[in-house]
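The numbering used here applies: residue 4 is where the sequence shown begins, and numbers increase by one. For every residue, glycine included, the Cβ atom is placed at its ideal position computed from N, Cα and C. Since we're looking at a predicted model, the values are computed, not measured. Since the structure comes first, as structure tokens, the remarks are kept for the end.
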Amino acid sequence: AVGTFEGLILVYTNMGAIPYTVKATAGDNPYKVEPIVGAKVVVGERFNPAISVYNPHDANLHVREVFTTEGFLHLSLPDKPVDAGAGRQQIGSRGGTDAATASGWGVPPRA
Numbered sequence: 004a005v006g007t008f009e010g011l012i013l014v015y016t017n018m019g020a021i022p023y024t025v026k027a028t029a030g031d032n033p034y035k036v037e038p039i040v041g042a043k044v045v046v047g048e049r050f051n052p053a054i055s056v057y058n059p060h061d062a063n064l065h066v067r068e069v070f071t072t073e074g075f076l077h078l079s080l081p082d083k084p085v086d087a088g089a090g091r092q093q094i095g096s097r098g099g100t101d102a103a104t105a106s107g108w109g110v111p112p113r114a
């Protein structure tokens, strides 16, 4: 979502809860990567959604690493990205698996 957002964080201490209002602004993603929202994944099962990346640059974009700080989640580069048209590369349900490649994932420049 693009726009301004506001929320309330409650910090619990031995003296009680401290309310803390936070605000953020979200802008367009130049790589046109869409969030995965509302997915239900069974524990222990592989989740391989299609992820499409647009390269807005004039030169090839090389993705060499993907990572997360979450201990329960494993991410890896695709082995066979597919052309999704209009300068986009797609991985996931029709393309890559979870095997990483030595050279990374190359996304050609915009069309």
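Boundaries (first-last residue) of the beta strand (DSSP E) holding residue i
i           : result
residue 2   : The requested residue 2 does not occur in the structure, where the chain is confined to residues 4 to 114.
residue 73  : Residue 73 -> no beta strand (DSSP E), and no H or E assigned at all.
residue 109 : 108-110
Beta bridge counterpart(s) of residue i as assigned by DSSP
i          : result
residue 9  : 26
residue 15 : 20
Beta-carbon proximity of residue i to residue j, cut-off 8 Å
i           : j          : result
residue 57  : residue 26 : no
residue 69  : residue 80 : yes
residue 28  : residue 9  : no
residue 108 : residue 45 : no
residue 30  : residue 5  : yes
residue 110 : residue 51 : no
Whole-Å CB distance - residue i paired with residue j, under 8 Å assumed
i           : j          : result
residue 113 : residue 59 : 6 Å
residue 78  : residue 71 : 5 Å
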